[in-house]
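Down below is the structure, laid out as structure tokens.
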Amino acid sequence: MNKRVFNPRAIAGGTWPVLMHVGRVSGVTYRTPLDAHPVDGGYLFVLVYGSRSDWVQNVLAADGARLRVDGREVELAAPRLVGREEAFQALPDEVARPPRLLRITEFLRMDLVTD
2 MNKRVFNPRA
12 IAGGTWPVLM
22 HVGRVSGVTY
32 RTPLDAHPVD
42 GGYLFVLVYG
52 SRSDWVQNVL
62 AADGARLRVD
72 GREVELAAPR
82 LVGREEAFQA
92 LPDEVARPPR
102 LLRITEFLRM
112 DLVTD
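Numbering (the numbering used here), first residue to last: 2 to 116.
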């Protein structure tokens, strides 16, 4: 449902951050709309479907990705899985934490590549 209905609309709408990543097997560039939370030196992604999601595995295999956010593209590197405690410390106070009911324990953090 997400890949066929929500994702194309979210990408076309331009309001959601979009992560561009390369398929680890196919080599195809994929665009995935996600919540991207700016943190010190990079971005944090809530892994609603866990670290086994294809997009997460692609980013880890490629050691980075590009993110379209606020009308610009940024390069991200050094992807790493972090736990709930580290993620919550990194997130600004005004960002809502995922409800415990969802049992989200993994997050993906990446660093901004600066020239």
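Beta carbons are placed, not taken as given, at the ideal position from N, Cα and C, and that holds for glycine.
Exercise. Where do the N-terminal and C-terminal ends of the alpha helix (DSSP H) with V57 fall, by residue?
Worked result: Boundaries of the alpha helix (DSSP H) harbouring V57: D55 to A63, taken from the DSSP string.
For this session: Count the other CB atoms, across all protein chains shown, that sit within 10 Å of the CB of G72; report buried if there are 16 or more and exposed otherwise.
Result: That one is exposed.
For this session: Pull up the distance between the alpha-carbon of E86 and that of A79, whole angstroms please.
Result: Straight-line spacing of the CA atoms in E86 and A79 works out to 19 Å.
Exercise. Counting along the chain, where does the beta strand (DSSP E) carrying A88 start and finish?
Worked result: Looking at the DSSP string, A88 is not in any beta strand (DSSP E); the run it does join, the alpha helix (DSSP H), is R85 to A91.
Problem set entry | Other residues of its chain near T33: CB distance less than 6 Å, five sequence neighbours each side excluded | Result list for T33: L20 and W56, in chain order.
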